[in-house]
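Following: one structure in structure tokens, then a few remarks.
In the UniProt record's numbering, the protein residues as written are 1 to 202.
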């Protein structure tokens, strides 16, 4: 599974409509605390926007809905993984990534043969309280060795300024949430991310 080096994660389809046209090629829609029909509406709309602009959409957690809506990829946290029907996901042709935070979770992820592995938090994060200490760049290099060719996504506390170090340590893609969505000018921040990741990854 090829992943763009800039991996935008947003919590509402309005962000997809606002930022994907700027050149974002990879976006995860992570909708929380909404009725399923509202999630379905957002997934359907996001899928249409991404198809129009040639971007890759990854749906967080709602794997049944992603299958029903003809999506290409999903992302599963460790809790989501326990309740997911991986056989059904594979039959539908969906690719999937899995979050990992420690060695036990990495072992669990690798046992189900995901299409990519995410590691976090790399740095302290503003998104939510984390029970794990920041992983640091050294852990990126270790994970990259252990996953043997799978794409590695780094997440947590990343910024444009930290992007070169995370990519140089072995990340294939950098997942970004609050550095964009909490920025006073999200559009400009996305442009900075695109410039930084395309330049370093080239």
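All C-beta atoms in this analysis are idealised placements derived from N, C-alpha and C, irrespective of residue type, glycine included.
- Within its own chain, the residues whose Cβ lies closer than 7 Å to the Cβ of residue 80, once the five positions on either side in sequence are excluded, are 61, listed in chain order.
- Around the beta carbon of residue 90, fewer than 16 other beta carbons sit within 10 angstroms, so the residue counts as exposed.
- Taking C-beta atoms under 8 Å as the contact rule, residue 7 and residue 175 qualify, at a distance of about 4 Å.
- Proximity to residue 64 across 36, 78, 46 peaks at 36, based on C-alpha coordinates.
- A distance below 9 Å separates the beta carbons of residue 153 and residue 3.
- Taken through DSSP and simplified to helix, strand or coil, residue 14 comes out as helix.
- When C-beta atoms of the segment 94-104 are compared with those of the segment 118-127, three or more pairs fall below 8 Å, so the two segments count as touching.
- Fewer than three beta-carbon pairs drawn from the segment 185-193 and the segment 142-150 are found closer than 8 Å, and the two stretches are therefore not classed as touching.
- Looking from the CA of residue 158, the closest CA among 178, 26, 199 belongs to 178.
- Within the DSSP bridge table, the entry for residue 101 names no partner.
- Around the Cβ of residue 21, a 10 Å sphere holds fewer than 16 other Cβ atoms; the residue is exposed.
- The secondary-structure analysis by DSSP pairs residue 6 across a beta bridge with 174.
- With distances taken between CA atoms, residue 171 lies nearest to 144 out of 144, 83, 182, 156.
- It is roughly 24 Å from the alpha-carbon of residue 33 to the alpha-carbon of residue 94.
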